[in-house]
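Numbering (our numbering), first residue to last: 10 to 136.
In structure tokens form, the structure reads like this:
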């Protein structure tokens with residue numbers, strides 16, 4: 010386990026989008042496995058200026074380690090971001106110390122189920 014950074018995996022993150030007459034909101038949630046308690050995680054916009062790929066929403070994950078000595082214990086630490094107006098189909102999460110990864114954006118349809126869940130249900134119908 011790295012003691013200077015939390016550990017992250019694309020499988021620990023989800024990105025869902027809800028569209029309404031007021032616009033579209035992308036909600037990104039995830040967690041990092043941190044080496045002690047007290048870590049603070051945040052996702053901040055990382056799209057510089059004009060975005061050459063509007064289908065990708067770029068976020069940078071920032072960490073703030075706790076002050077003082079803490080007993081080592083692996084702790085799941087949550088992080089989330091809510092972005093308005095994005096037409097992204099994927100979220101790319103960047104890090105200062107490692108390669109980025111991407112997470113697909115799943116549309117949530119008005120009945121509350123995700124677009125992916127609706128497709129699976131339709132595929133399982135037997136006639």
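Backbone N, C-alpha and C fix where the C-beta goes; we use that ideal spot for every residue, glycine too.
Predicted model only: the values in this text are computed from it and were never measured.
Cβ-based neighbour list, residue i, same chain, cut-off 8 angstroms, excluding 5 preceding and 5 following
i: residue 96; result: 33, 63 and 64
i: residue 70; result: 17, 41, 50, 51, 52, 88, 102, 103 and 104
i: residue 15; result: 41, 42, 43, 44, 48, 50, 72 and 86
i: residue 80; result: 45
i: residue 99; result: 24, 64, 65, 66, 111, 112, 113 and 114
Paired residues, beta bridge with residue i - DSSP
i: residue 43; result: 84
i: residue 36; result: 25 and 91
i: residue 67; result: 101
i: residue 75; result: Partner(s): none; residue 75 has no beta bridge.
i: residue 54; result: 68
i: residue 111; result: 101
Residues of its chain near residue i, where Cβ-Cβ distance is below 7 angstroms and the 5 sequence neighbours each way are ignored
i: residue 110; result: 19 and 102
i: residue 67; result: 55, 56, 101 and 103
i: residue 21; result: 39 and 40
i: residue 82; result: 45 and 46
i: residue 106; result: 14
i: residue 140; result: One cannot answer for residue 140 here, as it falls past the ends of the chain, which runs 10 to 136.
CA nearest to the CA of residue i, picked from the options
i: residue 24; options: 39, 30, 17 and 12; result: 39
i: residue 43; options: 106, 12 and 70; result: 12
i: residue 137; options: 49, 99 and 90; result: Residue 137 lies beyond the stretch modelled for the chain, which goes from 10 to 136, so this question has no answer here.
i: residue 30; options: 46, 53 and 94; result: 94
C-beta neighbour in chain D for residue i, strict 8 angstroms
i: residue 48; result: Of the protein chains in this structure there is only one, and it is not chain D.
Spatial neighbours of residue i in its chain, beta-carbon cut-off 6 angstroms, leaving aside the 5 residues before and after
i: residue 73; result: 49
i: residue 84; result: 43 and 46
i: residue 27; result: 34 and 117
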